[in-house]
Structures are given as C-alpha cells and as structure tokens.
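Input: a single structure, listed below in structure tokens.
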Amino acid sequence: MRPFIRYTVTLCFLALAAVCLMAALQSSGRKHRALTCTGLNVVIEDSLENSFVSREEIKKYLDAEGGGYIGRKADSISLEKIESIIDGKSAVRKSEAYMTRDGLLNIVVTQRRPLVRFQRQDGGFYADKDGFIFPLQGNYTAYVPVIDGNIPVKSGSSYKGKARDRKEQEWIDSMIALVDYMSSSGVWAENIVQITVQDNGDLVMVPRKGKEKFLFGKPDNIQDKFSRMEKYYTGIVPAKGEGFYSTVNVKYNGQIICRK
C-alpha cells in the first residue's frame, strides 16, 4: 500500500474512532442525567477495628446538610459536596461517593486510625500515625496507649489537624515514634500500662507487674532505653526479685540506676 493511501486510511480510522467515542460519551452523559437515585449505600471501612462513625450517623450528617437524595436526578446530586461534608468530620480520614448504573448512591468512608491518646486535665485527643490530632469521640473509645500528665500541646480538645506550633508537632511525632516502637515490639505494648509526662518533660512508665517505675527521660534514644529496661528484667530482677526497687532510671546513656 502506498504511503499516501496508508496515511489516508489511518486518518479516516482515527476520525471514525473519535466520532464513536464522542457519541458514546454523549450517550453516557444523557443516561447519567436521566438516572434517578434509587437508594443510599454507606460502607464504613475497618469498622471491626474502630467504630468512630456508623452508617446511620453518616446518613444523619447528609440529611442535616440537605440530604434527601433518593428520588432525585443524578445531575442534581454533587458527589464532591457529599465527600466534603463527610470529610469534615474529625474521625473521617477520607470518603468517596459514586453512583452506579442502577441509581444506587454509594459512599465509602475510611476512618482515622488512632495510634495514641493524650489525656490532659481539660480533656484529651487522639493522634494517628501521621501526627494528625483529632478529638475524642463521645460514642466510642479506641483501645490505644494513653499518655497523661503535662502534655505540651496547646491546641484545644476539639481541634483537628496538625499542631499549629512546630515544636509541639515535633513532640507529638516523637511520642508517636515511641508508641509505634512499643506496638511493633509487642512485649512493651502489653507490659507498659501508663506513660506520664512530668513537668520537666521527662516520661515515667508504669509496668503492668511489679512496683517499679521507669524514669525514661525525653522520648529519644528509644531503642537503647528499652534495651536497658530489658536488661533490668533479665539481669537485675532475677537477682534482686520483682519490686525490690521502686524506681529504675534509664534516661542517661549507658546507665541503669536503681533506687529502693
């Protein structure tokens, strides 16, 4: 086939394909505009792990913002607005709204997954693995480590987002690293039942068993400090007995200082 003829055939084929595609898109658009919402299907992901929001609550949120989607034409329903309403809730990480050909309005909600809870005298808040803080939820309490005492974060208990102050966010991130290390080890997540922040910023850890309190110091050199805590249990406790000492100080590099 001559180059000119081959070029002409290819051009005609591409033009025909473009026309067919435009026709299909127009037909799809007409079908979408004619589509009527037949129902609402809300899916809460990870609902077995956390129950911060329920399907009923999501429906109430939408009803409070105008809702009433069933029976409405698809082109009168803003999926972006629906996602914006739901994403505005503190315990929601993200949402996705879409309609299927049968007219069903589907909403998939991904909850935030708290890693730690900070408790102050004026209230508390959660933080997820990204350092995003959000309020406690009245209808559900997550089973996560609780850190109390002198929490150096000024944001109110109803605040949602990263800490406004850089140093505050750095502290939150360091505590998340601490809790994440404990969780990954398994042993410390089970054995440490309380973490308190003293006025000077040092951490005090209370184990599940025994009378000892561990003076951990600042949330740094995490692995090394837990290693020395482990040495206390494997080397000192067998010799002296559990609860022989009241405090075990591991805040100083390379040292385990025990006091009765």
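FYI, the numbering for the sequence shown is -23 to -1, 1 to 237, going by mature numbering (1 follows the signal peptide of the UniProt record, and there is no 0).
Think of the CB as a built atom: it goes at the ideal place given N, C-alpha and C, for glycine as much as any other residue.
_Distance between residue 179 and residue 196 (C-alpha atoms, nearest Å)_ = 8 Å
_If you measure between the beta carbons of residue 104 and residue 169, is that distance less than 8 Å?_
no
*Does DSSP put residue 192 in a helix, in a strand, or in coil?*
strand
_Can you tell me whether residue 186 is helix, strand or coil according to DSSP?_
coil
*Which residue from 88, 50, 49 and 189 puts its Cα closest to that of residue 65?*
88
*residue 212 by DSSP, collapsed to three states: which one?*
helix
*Rounded separation between residue 71 and residue 184 - CA only*: 36 Å
*Please go through the same chain and pick out, in chain order, the residues whose beta-carbon is closer than 7 Å to the beta-carbon of residue 229, but skip the five residues on each side of it.*
none
*What did DSSP end up calling residue 90 once you bin it into helix, strand or coil?*
coil
_In the DSSP output, which residue or residues are listed as bridge partners for residue 222?_
DSSP output for residue 222 lists no bridge partner at all.
_For the alpha helix (DSSP H) containing residue 168, name the first residue and the last one._
164 to 168
*Name the DSSP beta bridge partners of residue 234, please?*
226
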